[in-house]
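Residue numbers (mature numbering (1 follows the signal peptide of the UniProt record, and there is no 0)): -23 to -1, 1 to 170.
Here's what the structure looks like:
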């Protein structure tokens, strides 16, 4: 090979490498940034608690109201009593490592996103004392690690999904002060201990 051919091959390899590593991330921290920015874009934040959530900052572990694991995965979103309004974005379902979501005592409205049902590691969900309406998503039955579910003090209606009674790790469920109807599913005794 002559020098011109070697340089051409090197340039092609370099271009291929650059193209293959650029673009939208499909998993890991990049997808978590995209999911969190989606959540932020649907919320009204009158006191600026989400102000440092910025796409230009690729590390959401440095953002307020976000908790990360030792290996840098987003495992918690906690913004209780922050005056947030707007709606909870479906992109919350893309926070695949999240274990805790605490958004109680705000003014968030609209339906609870069914995408929350994709959060297989979720253990604690508190959306109490907001203005959520509509039905409890049936996808919550997929939350096999859920231990605490608090949806009290919203405007939820319809029936309580019977499949919630199959969540064997559930220790506490509070659905009071809503407009729910129908039969209450029979929950295992440990839910009420």
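From the three backbone atoms N, C-alpha and C, an ideal C-beta is built for every residue, glycine too.
Contact the stretch 118 to 125 vs the stretch 66 to 74: 3+ CB pairs below 8 Å: With fewer than three CB-CB distances shorter than 8 Å, the stretch 118 to 125 does not count as touching the stretch 66 to 74.
Where residue 70 sits in the DSSP three-state scheme: Sequence index remark: in the chain shown, residue 70 carries index 93 (1-based). It is helical.
Local conformation of residue 43 per DSSP, three classes: As a first step, residue 43 must be located in the chain shown, where it is residue number 66. In the three-state DSSP reduction, residue 43 falls in the strand class (E or B).
Under the three-state DSSP convention, the category residue 10 falls into: Within the chain shown, numbered from 1, the residue matching residue 10 stands at position 33. In this structure, residue 10 counts as helix in the three-state DSSP scheme.
Where residue 47 falls, given that 16 or more other Cβ within 10 Å makes a residue buried: In the chain shown, residue 47 corresponds to position 70, counting from 1. The residue is exposed, with fewer than 16 neighbouring Cβ atoms inside 10 Å.
Residue 36 classed as buried or exposed, judged by whether at least 16 other C-beta atoms fall within 10 angstroms: For this step, residue 36 is matched to residue 59 along the chain shown. By the 10 Å Cβ count, residue 36 comes out exposed.
Where residue 2 falls: helix, strand or coil (DSSP): Position 25 of the chain shown, counting from 1, holds the residue named residue 2. Because the pLDDT of residue 2 is 40, which lies under 50, any placement of that residue in the model is unreliable, and the question is left without a value.
Through-space distance from residue 156 to residue 32, alpha-carbon basis: On the chain shown, residue 32 is found 55 positions in, with the first residue counted as 1. On the chain shown, residue 156 is found 179 positions in, with the first residue counted as 1. Rounded to the nearest whole angstrom, the C-alpha separation of residue 32 and residue 156 is 39 Å.
Sufficient close CB pairs (3 or more, under 8 Å) joining the stretch 126 to 135 to the stretch 101 to 116: Taking a contact to require three or more Cβ pairs closer than 8 Å, the stretch 126 to 135 and the stretch 101 to 116 qualify as touching.
Pair within 8 Å by beta-carbon distance, residue 101 and residue 129: Numbered from 1 along the chain shown, position 124 holds the residue referred to as residue 101. Numbered from 1 along the chain shown, position 152 holds the residue referred to as residue 129. If you check the CB distance, residue 101 and residue 129 do not come in under 8 Å.
Between the CA atoms of residue 34 and residue 51 - distance to the nearest angstrom: As a working note, residue 51 is residue 74 in the chain shown. As a working note, residue 34 is residue 57 in the chain shown. So the two alpha carbons sit approximately 14 Å from each other.
Neighbourhood of residue 162 by C-beta, 7 Å cutoff - its chain only, sequence neighbours within 5 removed: Position 185 of the chain shown, counted from the start, is the residue given in the question as residue 162. Only 137, 139, 141, 142 meet the Cβ criterion.
DSSP bridge partner residues for residue 171 (one or two, in chain order): For residue 171 there is no data in the structure shown, the boundaries of the chain being -23 and 170.
Nearest neighbour of residue 84, chosen from 95, 26, 57 [CA to CA]: Looking up residue 84 in the chain shown gives position 107. Cα-wise, what sits closest to residue 84 is 57.
CB of residue 42 within 8 Å of CB of residue 55, strictly: Within the chain shown, residue 42 is the residue found at index 65, counting from 1. Within the chain shown, residue 55 is the residue found at index 78, counting from 1. Taking 8 Å as the Cβ cut-off, residue 42 and residue 55 qualify as a contacting pair.
Whole-angstrom C-beta distance between residue 94 and residue 65, which should lie under 8 Å: Mapped onto the chain shown, residue 65 falls at position 88. Mapped onto the chain shown, residue 94 falls at position 117. Actually they do not touch by this definition, with Cβ atoms about 13 Å apart.
Anticipated Cβ contact below 8 Å, residue 127 with residue 146, distance rounded: One-based indexing of the chain shown puts residue 127 at position 150. One-based indexing of the chain shown puts residue 146 at position 169. About 15 Å separates the two Cβ atoms, so there is no contact after all.
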